[in-house]
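Peer 1: Numbering (my numbering), first residue to last: 4 to 301.
No residue lacks a Cβ here, since even glycine has one placed at the ideal position from N, Cα and C.
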Amino acid sequence: MNDRAKLKFDIFKELIDKYLDKFVPVIYPEKIYESMRYSLLAEGKRLRPVLAMEIATQLGASQEEILPAACAIEMLHCQSLIHDDLPCMDNDDYRRGKLSNHKVYGEAIATLAGDALLSYAPRLIIEKTPQIVPSEVLLNVLREFFIAAGVDGIVSGQVVDIESEKKSISKDTLTFLYEYKTAKLFKLAVRTGAIIGRASEERLRALTMFAQYYGFAFQIYDDILDVTSTIEEIGKTPGKDKEKGKSTYVSMFGIEQAKQQALFLCNEACTILEDVKLNSLILEGVVSDISEGLKKCS
Ligand code: GRG
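1. To the nearest angstrom, report how far apart E67 and I258 are at their CA atoms.
2. So the alpha helix (DSSP H) C74 belongs to, where does it begin and stop?
3. Quick one: is S283 buried, meaning 16 or more other Cβ sit within 10 Å of its Cβ, or exposed?
4. Along the chain, where does the alpha helix (DSSP H) that runs through T114 open and close?
5. Which of the three DSSP states, helix, strand or coil, is assigned to L102?
6. Does Y31 come out as helix, strand or coil in the three-state DSSP assignment?
7. Whose CA, out of F213, C300 and V107, lies closest to the CA of K34?
8. Please work out which residues of its chain come closer than 8 Å, Cβ to Cβ, to E77, disregarding the five sequence neighbours upstream and downstream, and give them in chain order.
9. Would you say the beta carbon of H86 is closer than 7 Å to some non-hydrogen atom of the ligand GRG?
10. In or out: L268 buried (at least 16 other Cβ within 10 Å) or exposed?
11. Using the Cα positions of I275 and A220, report the straight-line distance between them to the nearest angstrom.
12. Quick test of the definition: if touching needs 3 or more C-beta pairs under 8 Å, does the region 127-136 touch the region 95-102?
13. If you draw a straight line from the C-alpha of A197 to the C-alpha of R206, how long is it?
14. What are the start and end residues of the alpha helix (DSSP H) that includes S291?
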């Protein structure tokens, strides 16, 4: 990402961090709020809320209109990470460069922290979005949120992920997995930004396709990093996919082919961006971060 894009990205990220901090206070019973804050305020990239903010504001919405929904998306993402790390799921000890939530607060509180974030998020959209956003727009945003959070979204992605462990799966199943586990939240982010920014149907469709390509490239890159990186670089334990017998693009096709596929997907994402004419340095930047990162992997 170039310097101008990075500067804007960091400004949005700072706003999102400030907002998240403000909206999850520590009150009685402190333990649950502390556990929510422990994961939520940890050093995440904030990619999804920044994408939502960038799209909404490039389309003419104000930052105030999109901030609550952008933060709600980060809360949902954070919930999925907390639950994903639990011993009954992927059993990971590290996340975002720190011990995972259940390692610090125990499994019961970590599970409840995830649940609490999941129900806090839509409340934030309803209660904090300014009134200039019409109710029908808000309802649409909430509908997108519940689709992505539910059985038509990351829940089914996680189910197929678990059921695919230590099995040889088809390419169609792998595609389902990437789409539901990862691309759905990027689609939620871009669609939320587009809906709040009152995008045309045509733009909404194009941005959804962008998120599909970007989400797939992102997951393939994440799989490659699992094999090629250190814990310091990715903030979580590397080598987990192999240890758990996960089917990934890397395990099915090898690093080189996975890399080529991810680069192809980045190119497709860029082509859509040209057509969509949003002139967004951030959207171009997040794609180039993956393609540049891929070129350095071996
Ligand atoms: C919604 C009830 C409910 C359940 C969730 C656990 C679960 C079901 C889904 C897990 C989905 C999951 C963890 C997908 C992995 C996606 C992925 C590669 C996440 C890493 O994203 P980054 O790199 O993380 O953006 P940071 O920490 O930077 O935000």
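Peer 2: The relevant details are as follows:
1. Distance between E67 and I258, taken at the CA atoms: about 42 Å.
2. Q66 to D88
3. Burial call: buried.
4. E110 to K131
5. strand
6. Here DSSP, grouped into helix, strand and coil, assigns Y31 to coil.
7. V107
8. Same-chain partners within the cutoff: I19, L23, L43, G47, R49, R51 and P52.
9. yes
10. Taking all protein chains in view, the Cβ of L268 is crowded by 16 or more other Cβ atoms within 10 Å, so the residue is classified as buried.
11. 14 Å
12. no
13. 8 Å
14. L284 to K299
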